[in-house]
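Colleague:
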Amino acid sequence: MIPKEKRTFNNYADEIDKVLSCITGATLGNGHVEKDPRQAFNVTIAPILIDKILNNKNTYEDNKTWENAITKVNSDDSKIKDTQSIGRYNKMLHLAVTDHENMTPLDWGSVLTPIYWGNEMTCDLFGMTTSKIKSDVFGLKETFSSSYEPVFVRLGAVCDYAQQKEGLIPYYLGYKISLDDYKKNKRNNDFEWKSPLFFTDKDSAPFYLIFNLKYLISLPKHKTFIFEAKYRIREQLLNQLIIKASNHASRPGITELFPPK
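Take the sequence shown: its position 177, counted from the start at 1, is 189 in this note's numbering, and no numbers get skipped.
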């Protein structure tokens with residue numbers, strides 16, 4: 013991308029600037045890059061770097077280095093059995109927390125807690141009381157625990173988020189549910205998405221994030237103050253959730269007659 017004659021101490025920084033400006037501008041649009049150059053760089057360059065890392069040619073020395081680095085795959089040392097450790101590993105892979113990253117309710121994949129959660133809000137947004145949402149929508153029994161916590165996740169197209177387009181922002185309703193309570197309320201629904209098991213230092217028990225794909229609200233940017241960012245689902249897992257939500261929203265229905273059994 014940079015001519016050899018330009019790869020000098022005096023020219024290199026300016027030439028790199030030209031390359032990055034060209035690529036980020038082509039990906040997001042020039043006006044959007046200026047709003048947040050760091051985000052524009054990450055959205056544009058990260059997929060390229062990941063692809064290069066995954067597909068780089070291996071040398072004999074590289075292969076030996078990795079063979080010596082990863083040796084316990086088939087041993088008991090690599091098996092994790094306690095639920096807190098499993099939750100920590102899943103968190104490392106798939107869940108960012110606010111202690112280590114800056115997050116807002118506008119961030120793609122952000123998991124949010126409502127600042128206020130009462131009947132006035134839920135009846136206005138969903139036409140149901142909080143207890144009805146808990147019992148009828150998520151099948152949670154009040155008698156089991158008070159550890160259920162309502163959450164929302166910010167979805168939408170990545171290009172809309174990256175380009176900070178104006179318009180309504182989609183949020184799906186969910187609950188944070190402890191592992192023990194989930195076992196008591198376990199059910200399988202095509203319209204629900206369940207995360208891997210997570211655990212953080214601030215939690216007393218491992219938990220799941222469960223989102224009901226039938227319960228979606230759309231808010232303008234200035235209304236998102238009703239949320240507080242708590243986590244952010246990382247891109248690999250977030251893409252799985254987005255595909256599940258998209259498939260649910262676009263699923264076809266047919267009329268069919270079945271023969272008697």
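For each residue, glycine too, the CB sits at the ideal point set by N, CA and C.
Round the Cβ separation of L185 and L231 to the nearest angstrom and send it over; I've been treating them as touching at under 8 angstroms.
Modeller: Not a contact, Cβ separation roughly 12 angstroms.
Colleague: If we count the other Cβ atoms within 10 Å of its Cβ and call it buried at 16 or more, is G99 buried or exposed?
Modeller: Around the beta carbon of G99, 16 or more other beta carbons lie within 10 angstroms, which makes this residue buried.
Colleague: Could you tell me which of K198, N102, P162 sits nearest to Y128, measuring between CA atoms?
Modeller: P162
Colleague: Per DSSP, what kind of secondary structure is R19 in: helix, strand or coil?
Modeller: coil
Colleague: Assign F270 to buried or exposed, taking buried as 16 or more other Cβ atoms, counted over all protein chains shown, within 10 Å of its Cβ.
Modeller: So F270 counts as exposed.
Colleague: From the DSSP output, in three-state form, read off P49 for me.
Modeller: helix
Colleague: Could you tell me the boundaries of the alpha helix (DSSP H) in which W205 lies?
Modeller: No alpha helix (DSSP H) contains W205, which is instead part of the beta strand (DSSP E) from 204-206.
Colleague: Just to confirm my understanding: we take M115, look at its own chain, exclude 5 residues before and 5 after, and list those with CB closer than 7 angstroms. What are they?
Modeller: Correct list, in chain order: S122, A241, R244.
Colleague: When the Cβ atoms of the stretch 193-213 are set against those of the stretch 59-75, are three or more pairs found closer than 8 angstroms?
Modeller: no
Colleague: Among L32, L124, L191, L105, which has the Cα closest to the Cα of D215?
Modeller: L191
Colleague: Using the three-state DSSP reduction, which class does V85 fall into: helix, strand or coil?
Modeller: It is coil, neither helix nor strand.
Colleague: Any idea if A58 is buried or exposed, counting beta-carbon neighbours within 10 angstroms, 16 or more meaning buried?
Modeller: In summary, A58 is exposed, with fewer than 16 beta-carbon neighbours lying within 10 Å of its beta-carbon over all protein chains present.
Colleague: For the pair the stretch 130-137 and the stretch 242-262, tell me if three or more CB-CB distances fall below 8 angstroms.
Modeller: With a cut-off of 8 angstroms, the stretch 242-262 and the stretch 130-137 do not count as touching, because too few Cβ pairs lie within range.
Colleague: Determine the direct distance from the alpha carbon of C34 to that of G41, and round the result to whole angstroms.
Modeller: 10 angstroms
Colleague: Look at the alpha carbon of I255 and the alpha carbon of I189, and state the distance between them as a whole number of angstroms.
Modeller: 23 angstroms
Colleague: By the 10 Å Cβ neighbour count, where 16 or more other Cβ atoms means buried, how is F21 classified, buried or exposed?
Modeller: So F21 counts as exposed.
Colleague: Taking C-beta to C-beta, are F164 and L105 nearer than 8 angstroms?
Modeller: no
Colleague: Give me, in chain order, the residues of the same chain whose beta-carbon lies closer than 7 angstroms to that of F138; leave out the 5 immediate sequence neighbours on both sides.
Modeller: I145, Y227
Colleague: Report the CB separation of D229 from Y187 in whole angstroms; it is logged as a contact under 8 angstroms.
Modeller: For clarity, residue 229 is Ile in the given sequence; the question names Asp instead. So it is not a contact: roughly 15 angstroms between Cβ atoms.
Colleague: Please classify V55 as buried or exposed, where buried requires at least 16 other C-beta atoms within 10 Å of its C-beta.
Modeller: buried
Colleague: From this set, K198, K235, G168, which residue's C-alpha is nearest S258's C-alpha?
Modeller: When only C-alpha atoms are compared, the closest one is G168.
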